[in-house]
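Participant: If you scroll down you'll find the structure; I have some questions about it.
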Ligand code: GLN
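Numbering (my numbering), first residue to last: 936 to 1421.
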C-alpha cells in the first residue's frame, strides 16, 4: 500500500495500532519525494537523516503509548517559519544560509505533538506573490500539470501535499497565500483568525495580516492540525488568550440551521465560467446538506486590492529594514563603507518583487504621503471589516470562489505584476478583517486543474467554518483524488 497517499487520521489509526511504524512511513514518504521531486520541485531543504531520527523517536513514544496527536506524521514546512538548526531561507538569496537558533512556536507545538519534519518547502520570496515564481531558488510546479503554477506564496506547501511528498504542511497567509495555492493544487488550506495561531518565529512580511495555518489532504486533517498549532503564546502579543475548542469534534454535526451567505461582489466580472460553475455546484451541495443559502453584500470589496497593496508593502518595507547585511544574512564583501554594505547587500540579496514592495511601501509611508495613502488605506480597511460584521449578523459563513481563475502557465504573467495582484481580490479581505477562511476542493476545469471553494466565518468561528467545509467535502467526495500523471 502507498502509505504516502494516506491522511493523518488514517495513519493515526495505523500507527497507534502498530500496523505500521513511523520509520516505515517516513521512508515511504522519502521514497515518494525521490520519485517525483525532480518534477515538482517543492523542497528547498530536505532533511532525510533528521526525519528518520525523529521517526525513530516517535516509534519509541508509540511503543510506550506516550505519543502526541501527530506522533510519527511526516510534515513539510513553509520556509518562512524558523526551524532550530534547519536552514530557513524565506525563498530569498539574502537568507540563503540563515540557520535559526530557535523554533517558531508553531514548530515547537508540532514537535511536541510528535510530528516528523521532512524539510522546508518553496515559497515566493518573503511570501510576496501568488505563484511561487518569486522564489530565488526556482518555482515549484503544480502536480496536476507541471507546466502550471501551483499558486503562492505557500506554493511548495500545496504542491508537496498534492504530490503526496508529505502528509500535511504548514503555510502562512497574508493575503491568500494558504487558500489560493490550496485551491490551485486541489488540497484543503485554512487561514485561521488573526491571533489564533502564534506568529512567534514566523519571519514577518506584514505583521497586521500574517497568519500561520495548515494545508492538508482533507478537512479532518485540517482540524487535527488546528488542534495542534492553535492557542495563546506569551511570546506573541497579538495571539489571543481564547480557549481552543476541539476542532475535530465539531466536524460531523450537520448543517441544519446554518445560514450560508453568498457575497454578490465575489461573483465578479472576469470570473472564469468553469470556476463559477464548480463553486455554484458546491453551494448547491451545502444547501442539499441542510444549509440555508442567502444572498449578502460586502459593498467595499472593490477597494480591498488597493488597500492591501498599500498596507502590506508599508509593513513589509519596515519589517525588511532588518536585512542590512550586518546582523544576519547575505553581506556584500566588496563594499568598503557602511552605506555601501547596506546598499549592495540589499541590491544583490532581494529579488525584483521584494524590491518593488519595499519601494511602494517606503513611498506610501513617506512624509507628505502618509495621510493620502497609509492613513486612507487604514480607514478603508475599517470599512471592509465593518462589512463583514454586518453580514455575519445575518449569516454564519460565507461561500465564494477562492480565486477568479484556475492556475495559469508558469511565466505567463511574470511581466504583469498588476494582473497577479488583481487575482488576490477574493482572499485579501479576510486578512484585512482578520477573519478565518478555508479553501476546499470543489471541482476541476476542463483542463483537469483543481478549483477550490472558499468558506469564511467571523472571528474565532473556525469550528463553524470547518463543519461547513466537512459537510461539503462529504457531499462532493473528491478530496481523495490525486494527479494521475505525476
Ligand atoms: N498574493 C499576496 C501578495 O503577494 C498575498 C501573499 C500572502 O498571503 N503571503 O502579497
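Note that CB positions come from ideal geometry on N, CA and C, so glycine has one too.
1. Using a Cβ-based criterion (distance less than 7 angstroms to any ligand heavy atom), does residue 1338 qualify as near the ligand GLN?
2. According to DSSP, is residue 1106 helix, strand or coil?
3. What ranges does the beta strand (DSSP E) occupy inside the segment 1187-1271, keeping only unbroken runs of at least 3 residues that lie completely in it?
4. Are the segment 1233-1242 and the segment 1192-1209 touching by the rule of at least three beta carbon pairs closer than 8 angstroms?
5. Contact between the segment 1205-1217 and the segment 1161-1171: three or more CB pairs below 8 angstroms?
6. Using only the heavy atoms of the ligand GLN, determine whether one of them is closer than 7 angstroms to the beta carbon of residue 1112.
7. Quick check on this structure: which residue in 974, 1031, 1328 and 1012 has the alpha carbon closest to the alpha carbon of residue 1147?
8. Please report the Cβ distance between residue 1284 and residue 1028, rounded to the nearest whole angstrom; I am assuming they are in contact, meaning their Cβ atoms lie under 8 angstroms.
9. Taking the continuous alpha helix (DSSP H) assigned at residue 1043, which residues delimit it?
10. Whose CA, out of 1365, 1271 and 1276, lies closest to the CA of residue 1265?
11. On a CA-only basis, which of 955, 1164, 1138 and 1308 is nearest residue 1150? Give me that one, please.
12. Do you know how far the Cα of residue 1227 is from the Cα of residue 1070?
13. For the alpha helix (DSSP H) that residue 1151 lies in, which residues bound it at each end?
14. In chain order, what residues of the same chain lie with their CB nearer than 7 angstroms to the CB of residue 1182, ignoring the 5 residues before and after it?
15. Taking 8 angstroms as the threshold (C-beta atoms), are residue 1254 and residue 1142 in contact?
16. At what residues does the alpha helix (DSSP H) containing residue 1367 begin and finish?
17. Just confirm the distance between the C-beta atoms of residue 1406 and residue 1189, as a whole number of angstroms; I'd bet it's less than 8 angstroms.
18. Can you give me the Cβ contacts of residue 974 inside the same chain, cut-off strictly under 6 angstroms, excluding the 5 residues immediately before and after it?
19. Please tell me whether residue 1078 and residue 1418 are closer than 8 angstroms, where the distance is taken between their beta carbons.
20. Verify whether the separation of the beta carbon atoms of residue 1370 and residue 1391 is less than 8 angstroms.
21. State buried or exposed for residue 1024, treating a residue as buried only when at least 16 other CB atoms are found within 10 Å of its CB.
22. Report the residue ranges of all alpha helix (DSSP H) runs contained in full by the segment 1061-1149; include only those spanning at least 4 residues, in chain order.
23. What's the call for residue 1036, buried or exposed, on a 16-neighbour Cβ count within 10 Å?
24. DSSP has residue 1054 in a bridge; who is on the other side?
25. Is residue 1095 buried or exposed, if buried means 16 or more other CB atoms sit within 10 Å of its CB?
26. Relative to the C-alpha of residue 1152, which residue among 1125, 1139, 1129 and 1176 is closest?
27. Just the Cα atoms here: how many angstroms apart are residue 1056 and residue 1336?
28. Using the beta-carbon count (16 or more within 10 Å), is residue 1360 buried or exposed?
29. Using a 10 Å radius around the Cβ and a threshold of 16 neighbouring Cβ atoms, would you call residue 1358 buried or exposed?
30. Starting from the Cα of residue 943, find the closest Cα among 1009, 981, 1327 and 1002 and give me that residue.
31. Hey, which unbroken runs of the alpha helix (DSSP H) at 4 residues or more fall wholly within the segment 1269-1324?
32. Is residue 1109 near the ligand GLN, judged by its Cβ being under 7 angstroms from some heavy atom?
33. Do you know offhand how far residue 1408's Cα is from residue 966's?
34. For residue 1412, count neighbouring Cβ atoms within 10 angstroms of its own Cβ and tell me buried if that reaches 16, exposed if not.
35. Using a threshold of 8 angstroms, state whether the C-beta atoms of residue 1075 and residue 970 are closer than that.
36. In whole angstroms, what is the alpha-carbon distance linking residue 1246 and residue 1313?
Facilitator: In this structure, then:
1. It does not: the Cβ of residue 1338 is nowhere closer than 7 angstroms to a heavy atom of the ligand GLN.
2. Residue state, collapsed to three classes: strand.
3. Here the runs fully enclosed are 1194-1198 and 1227-1231.
4. They touch, by the three-pair rule.
5. Output reads no: the segment 1161-1171 does not touch the segment 1205-1217.
6. Residue 1112: yes, Cβ under 7 angstroms from the ligand GLN.
7. Put simply, of 974, 1031, 1328 and 1012 the residue whose alpha carbon is nearest the alpha carbon of residue 1147 is 1012.
8. Rounded to the nearest angstrom, the Cβ distance from residue 1284 to residue 1028 is 5 angstroms, consistent with a contact under 8 angstroms.
9. Run containing residue 1043: 1040-1047, per the alpha helix (DSSP H) assignment.
10. That would be 1276, whose Cα lies nearest to the Cα of residue 1265.
11. Closest option to residue 1150, judged by alpha-carbon separation, among 955, 1164, 1138 and 1308: 1164.
12. Approximately 43 angstroms between the Cα atoms of the pair.
13. Element bounds for residue 1151: not the alpha helix (DSSP H) but the beta strand (DSSP E), 1146-1151.
14. Counting only residues of its own chain and dropping the five nearest sequence neighbours on each side, residue 1182 has a CB closer than 7 angstroms to the CB of 1158, 1161, 1162, 1397, 1398 and 1401.
15. Yes; because the gap between Cβ atoms is below 8 angstroms, this pair is in contact.
16. Its alpha helix (DSSP H) spans residues 1363-1368.
17. Taking the Cβ atoms as the reference, residue 1406 lies roughly 7 angstroms from residue 1189, within the contact range of under 8 angstroms.
18. So the qualifying residues of the chain are 1081.
19. Between residue 1078 and residue 1418, the C-beta spacing is below 8 angstroms.
20. Taking 8 angstroms as the Cβ cut-off, residue 1370 and residue 1391 qualify as a contacting pair.
21. So residue 1024 counts as buried.
22. As summarised for the segment 1061-1149, the continuous alpha helix (DSSP H) elements at least 4 residues long and confined to that stretch are 1090-1097 and 1114-1120, given in chain order.
23. By the 10 Å Cβ count, residue 1036 comes out exposed.
24. Within the DSSP secondary-structure output, residue 1054 pairs in a beta bridge with 981 and 1011.
25. With 16 or more Cβ atoms within 10 Å of its Cβ, residue 1095 is classed as buried.
26. With distances taken between Cα atoms, residue 1152 lies closest to 1125.
27. Distance from the CA atom of residue 1056 to the CA atom of residue 1336, rounded to whole angstroms, is 26 angstroms.
28. Around the CB of residue 1360, 16 or more other CB atoms lie within 10 Å, so the residue is classed as buried.
29. Burial is judged here by how many other beta carbons sit within 10 angstroms of a residue's own beta carbon; residue 1358 has at least 16 and is buried.
30. Of the candidates 1009, 981, 1327 and 1002, 1009 places its Cα closest to the Cα of residue 943.
31. Uninterrupted alpha helix (DSSP H) stretches at least 4 residues long and entirely within the segment 1269-1324 occur at 1273-1284 and 1287-1300, given in chain order.
32. Within the cutoff, so yes.
33. The C-alpha of residue 966 is placed about 29 angstroms away from the C-alpha of residue 1408.
34. Per the 10 Å Cβ criterion, exposed.
35. In this structure, residue 970 does not lie closer than 8 angstroms to residue 1075 by Cβ.
36. Taking the straight line joining both Cα atoms gives about 7 angstroms.
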